[in-house]
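Worksheet: the structure to be examined is printed underneath.
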Amino acid sequence: MNVYVRQLAGALVTAGHTVDMATLDRDPGAPRTAGMRASRIREGLRLLTVSLPGAAGAAKEDLPGLTGAFAEVLRAEAPRPDVVHAHYWLSGAVGRELADDWRVPLVLTLHTTALGKNLRTRADEGLEPAARAAAEAELIARAEATVVNTRTEALQMVELYDADPARLTVITPGVDLSAFSPPAPGGDRRDGSRPGSPGRPLRVLFAGRLQALKGPHVLVDALARIRADAPGVPVELEIVGVGTRRFTAGLQQQVRELGLEDAVRFGPALPAPQLADRMRRADVVAVPSSSETFGLVALEAQACGTPVLATDVDGLRTAVLDGVTGRLVPDRDPASWARALLELGRDPEALARMGAAAARRAREHSWERTARATAEVYARVRDRVRIRHGSRRCVHTLER
Numbered sequence: 001m002n003v004y005v006r007q008l009a010g011a012l013v014t015a016g017h018t019v020d021m022a023t024l025d026r027d028p029g030a031p032r033t034a035g036m037r038a039s040r041i042r043e044g045l046r047l048l049t050v051s052l053p054g055a056a057g058a059a060k061e062d063l064p065g066l067t068g069a070f071a072e073v074l075r076a077e078a079p080r081p082d083v084v085h086a087h088y089w090l091s092g093a094v095g096r097e098l099a100d101d102w103r104v105p106l107v108l109t110l111h112t113t114a115l116g117k118n119l120r121t122r123a124d125e126g127l128e129p130a131a132r133a134a135a136e137a138e139l140i141a142r143a144e145a146t147v148v149n150t151r152t153e154a155l156q157m158v159e160l161y162d163a164d165p166a167r168l169t170v171i172t173p174g175v176d177l178s179a180f181s182p183p184a185p186g187g188d189r190r191d192g193s194r195p196g197s198p199g200r201p202l203r204v205l206f207a208g209r210l211q212a213l214k215g216p217h218v219l220v221d222a223l224a225r226i227r228a229d230a231p232g233v234p235v236e237l238e239i240v241g242v243g244t245r246r247f248t249a250g251l252q253q254q255v256r257e258l259g260l261e262d263a264v265r266f267g268p269a270l271p272a273p274q275l276a277d278r279m280r281r282a283d284v285v286a287v288p289s290s291s292e293t294f295g296l297v298a299l300e301a302q303a304c305g306t307p308v309l310a311t312d313v314d315g316l317r318t319a320v321l322d323g324v325t326g327r328l329v330p331d332r333d334p335a336s337w338a339r340a341l342l343e344l345g346r347d348p349e350a351l352a353r354m355g356a357a358a359a360r361r362a363r364e365h366s367w368e369r370t371a372r373a374t375a376e377v378y379a380r381v382r383d384r385v386r387i388r389h390g391s392r393r394c395v396h397t398l399e400r
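The UniProt record's numbering numbers the first residue of the sequence shown as 1 and each following residue consecutively.
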């Protein structure tokens, strides 16, 4: 989500708008007093970092209790914008207060919803609380416009939250094509060998938050099945990302118990250039999520010319063209993923064909295009509430 906010904000500034991004400082060394620090990122783009008592080192579960104080600091110290665009439900709670006080429109992008996640989450994986779902319903009803990533997400908003279709706008995310790009023409993607060559493993990359929703454990179980059912087919899995200590430790223990230490590598979350390099080195980028409103990682991988293997759920159906830019797996059963990986590993021609198609498709998705569509939403909601300003300070973006 933070990638989305930063890229959208930058593209809006390039288009001539002025953007403030507001975020809560949760660093353990953050100031313990209420206040705001404004830092200039580039001309027209600032980061407003809010510190609060109790925010330093705060856990995710503590954040709902801080939204009121967060809004109070911004109300006192931030300049009044023309539009408040809130990302995620917690930021939505802040945005609603500020939009009401400043008498400006509220635009909402939830990125994920409680009811949407709970549809595909088992009880033992941790369901989202009813309080979050209720807050999201209130925000959707209050916002002048809600931006969703796909038509599937729009339908879900109507069915699960009784959203007004007239206030929903589908805008697909972009991809940073300057960072995520295929290998240079004539350049070697990896070492010149192909999947299926003697001794050459299929190289699988998982990039994302380490949590049950994202499904890295599904891939580990799938590798164990491949090793048991097709011992002559080598597969390597690289997992890059961060998660809670508990989940990460459990994932590492799973790897040890299955005897996969030689096949699974862990790495930290990576900045875009290094992540793109990893994607270019991989044969397949795997996205075994139980729910995604879009799946930005899937689009970034395709921009690198790497096919995507993803769960056949909501936004991933839009992000990945099944059989064209990758493959969709019908469920999160490790056996299904093992079969899909084996099929791809045995068909290097299909991998090459899908990789080329993926790169072509990704070029259709730029952040400039996303920003233009978003700015049109801002203009529409400003007209709706009869606000007219000469400046183009039109966004006050709130980060989680």
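By construction, the Cβ of each residue, glycine as well, lies at the ideal position given by its N, Cα and C atoms.
- One alpha carbon belongs to Pro268, the other to Arg40, and they sit about 28 angstroms apart.
- For Thr67, the closest C-alpha among the options Ala286, Thr18 and Gly92 is that of Gly92.
- Residue burial annotation: Asp100 is exposed, with fewer than 16 other C-beta atoms found within 10 angstroms of its C-beta.
- A buried status is given to Thr374, since no fewer than 16 other beta-carbon atoms sit within 10 Å of its beta-carbon.
- Residue range Val19 to Leu24 is occupied by the beta strand (DSSP E) that includes Asp20.
- For Val50, the closest alpha carbon among the candidates Gly65, Glu153, Ala78 and Asp229 is that of Ala78.
- In the structure shown, the three-state DSSP call for Glu257 is helix.
- Contact check for Leu341 and Leu202: beta-carbon distance about 6 angstroms, within the 8 angstroms limit, so the pair qualifies.
- Under a 10 Å Cβ-count criterion, Gly215 is classified as buried, with 16 or more other Cβ atoms of the shown protein chains found around its own Cβ.
- DSSP links Met36 through a beta bridge to Val50.
- His85 and Tyr161 have their C-alpha atoms spaced approximately 20 angstroms apart.
- For Glu376, no beta strand (DSSP E) run applies; the uninterrupted alpha helix (DSSP H) run containing it begins and ends at Trp367 to Arg384, by DSSP.
- With respect to the 8 angstroms criterion, Arg26 and Ala69 are not classified as neighbours on the basis of their beta carbons.
- Here Gly16 is exposed, its C-beta having fewer than 16 other C-beta atoms within 10 Å.
- Burial state of Asp283 is buried, judged by a 10 Å Cβ sphere holding 16 or more other Cβ atoms.
- Counting only runs that start and end inside the segment 288 to 337, the alpha helix (DSSP H) elements of at least 4 residues fall at 296 to 303 and 316 to 319.
- The segment 227 to 246 makes contact with the segment 263 to 279; the number of CB pairs closer than 8 angstroms reaches 3 or more.
- Here Thr172 is buried, its C-beta having at least 16 other C-beta atoms within 10 Å.
- Under the three-state reduction of DSSP, Glu236 is assigned to strand.
- In this structure, Ser336 is the residue among Val3, Ser336, Gly259 and Gln254 with its C-alpha nearest to the C-alpha of Ala286.
- In the displayed model, Ala133 falls within a helix according to three-state DSSP.
- Here Gly315 is actually not in contact with Ala356; their C-beta atoms are around 23 angstroms apart, not less than 8 angstroms.
- Judged by DSSP in its simplified three-state form, Thr67 adopts helix.
- Taking C-beta atoms as the reference points, Leu139 and Leu108 count as a pair closer than 8 angstroms.
- When Val381, Leu251 and Gly44 are compared, the shortest CA-CA separation from Asp20 is found for Gly44.
- The beta carbon of Arg332 sits closer than 8 angstroms to those of Gly215, Val218, Pro288, Ser290 and Thr311, all from its chain and outside the five residues before and after it, given in chain order.
- Taking 8 angstroms as the cut-off, the Cβ atoms of Val377 and Ala145 count as close.
- At the C-beta level, Arg317 and Thr152 come within 8 angstroms of one another.
- Cα atoms of Glu125 and Leu296: separation of roughly 23 angstroms, rounded to the nearest angstrom.
- A distance of 8 angstroms or more separates the beta carbons of Ala71 and Val104.
- Here DSSP, grouped into helix, strand and coil, assigns His87 to strand.
- When the Cα atoms are used, Pro165 and Ala34 turn out to be separated by approximately 39 angstroms.
- In the three-state scheme derived from DSSP, where H, G and I count as helix and E and B as strand, Gly16 is classed as coil.
- By DSSP's assignment, Leu205 forms a beta bridge with Glu238 and Val285.
- Excluding the 5 residues flanking it on each side, Val158 has same chain C-beta neighbours closer than 7 angstroms at Pro165, in chain order.
- Judged by beta-carbon spacing, Arg281 lies beyond the 8 angstroms limit of Leu309, meaning their Cβ atoms are not closer than that value.
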